[in-house]
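In the numbering used here, the protein residues as written are 35 to 263. Just below is one structure, and these are the notes that go with it.
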């Protein structure tokens with residue numbers, strides 16, 4: 035097995051969250067979407083020394099746009115890495131792939147659709163496409179569809195050099211673990227960790243689908259509302 039493949043198996047994929055633990059996100063800012071997505075788009079016009087610098091700028095800008103409501107955090111970020119998702123593809127042989135995974139409709143909640151999330155699907159897909167990524171995109175509902183999309187993406191990513199996943203929808207956090215809620219989640223039954231593992235999609239599962247040979251990154255733009263066991 036090549037050393038790069040072995041390293042990708044041993045090192046968890048970095049993930050950047052749109053808000054802090056137990057934090058909520060804004061569905062629609064002045065640009066029509068999540069302030070986190072708006073900040074990502076604005077940062078595409080700036081330069082960054084490394085990923086640590088990029089993450090710091092992303093946090094500062096998201097905090098500003100959201101009026102302090104959202105403060106991004108991250109895990110397993112290789113801060114000194116100089117890979118930049120917003121730079122032109124320097125190596126013409128570099129192959130980039132991305133998945134934009136959106137859940138915007140929750141009929142069982144009897145709440146308005148997440149129009150901002152649906153809008154961000156188009157905005158983020160365009161941003162990634164402009165930066166050399168082959169983008170798989172879609173507004174997806176039930177858990178089975180989400181799992182199928184991740185499996186297909188993981189298979190494709192294994193043959194690429196860089197992989198990005200941007201995921202959003204309603205999210206919750208329990209015992210330090212964050213989950214994306216599919217549209218068919220049994221909301222009336224509550225949010226125990228057992229139920230969430232059975233019916234929702236953990237961020238850990240999302241990040242594992244980033245399986246490129248070189249660099250991988252996941253962005254989770256949903257809420258992280260803390261719920262009890």
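The beta-carbon is built from N, C-alpha and C at its ideal position, and this holds for glycine as well. From a predicted model like this one, the values you see are computed outputs, not experimental measurements.
Sorted by chain position, which residues of the same chain lie with C-beta nearer than 7 Å to residue i's C-beta, five sequence neighbours on each side aside?
{"i": "residue 37", "result": "Residue placement at residue 37 is flagged as unreliable, the pLDDT there being 40, under the threshold of 50; the coordinate-derived value follows with that caveat. Within the same chain, residue 37 has no close Cβ partners at all."}
{"i": "residue 69", "result": "60, 63, 96, 99, 100, 104"}
Excluding sequence positions up to five away, which residues of its chain have a Cβ less than 6 Å from the Cβ of residue i?
{"i": "residue 65", "result": "72"}
{"i": "residue 42", "result": "For residue 42, the predicted structure reports a pLDDT of 44, less than 50, and the residue's modelled location is therefore unreliable. A value from the coordinates is still provided. No residues qualify anywhere along the chain."}
{"i": "residue 162", "result": "132, 169"}
How is the beta strand (DSSP E) around residue i delimited, first residue to last?
{"i": "residue 167", "result": "167–173"}
{"i": "residue 206", "result": "205–208"}
{"i": "residue 131", "result": "130–136"}
{"i": "residue 199", "result": "196–202"}
For residue i, count the other beta carbons within 10 Å of its own beta carbon; 16 or more makes it buried, fewer makes it exposed. Which is it?
{"i": "residue 157", "result": "buried"}
{"i": "residue 204", "result": "buried"}
{"i": "residue 251", "result": "buried"}
{"i": "residue 154", "result": "buried"}
{"i": "residue 177", "result": "buried"}
{"i": "residue 81", "result": "exposed"}
{"i": "residue 166", "result": "buried"}
{"i": "residue 106", "result": "buried"}
{"i": "residue 172", "result": "exposed"}
{"i": "residue 159", "result": "buried"}
{"i": "residue 39", "result": "With a pLDDT of only 44 at residue 39, under 50, the local geometry of the prediction cannot be trusted, and no value is derived from it."}
Let me make sure I understand the geometry here. Which of the options has the alpha-carbon closest to that of residue i?
{"i": "residue 119", "options": "186, 132, 93", "result": "132"}
{"i": "residue 211", "options": "234, 61, 159", "result": "234"}
{"i": "residue 253", "options": "140, 213, 227, 229", "result": "213"}
{"i": "residue 243", "options": "181, 258, 231, 127", "result": "181"}
{"i": "residue 175", "options": "190, 189, 135", "result": "135"}
{"i": "residue 129", "options": "109, 194, 147, 150", "result": "194"}
{"i": "residue 137", "options": "107, 219, 164", "result": "219"}
{"i": "residue 78", "options": "164, 55, 114", "result": "164"}
Under 8 Å between C-beta atoms, does residue i make it to chain D?
{"i": "residue 227", "result": "Absent from the structure is chain D; it holds one protein chain and no more."}
Sorted by chain position, which residues of the same chain lie with C-beta nearer than 8 Å to residue i's C-beta, five sequence neighbours on each side aside?
{"i": "residue 225", "result": "206, 208, 261, 262"}
{"i": "residue 141", "result": "217"}
{"i": "residue 108", "result": "48, 49, 50, 51, 89"}
{"i": "residue 152", "result": "136, 138, 173"}
If you follow the alpha helix (DSSP H) that residue i is in, where does it begin and where does it stop?
{"i": "residue 221", "result": "Element bounds for residue 221: n/a, residue is neither H nor E."}
{"i": "residue 97", "result": "85–99"}
{"i": "residue 72", "result": "69–77"}
{"i": "residue 180", "result": "177–191"}
{"i": "residue 158", "result": "149–164"}
Can you round the beta-carbon distance between residue i and residue j to whole angstroms, since I take them to be within the 8 Å contact cut?
{"i": "residue 48", "j": "residue 92", "result": "The pair is not a contact, with the Cβ atoms about 12 Å apart (cut-off 8 Å)."}
{"i": "residue 196", "j": "residue 248", "result": "6 Å"}
{"i": "residue 57", "j": "residue 258", "result": "5 Å"}
{"i": "residue 246", "j": "residue 191", "result": "5 Å"}
Shorter than 7 Å, the distance from the beta carbon of residue i to the closest heavy atom of the ligand ADP, or not?
{"i": "residue 245", "result": "Here there are no bound small molecules, and the ligand ADP is not part of this structure."}
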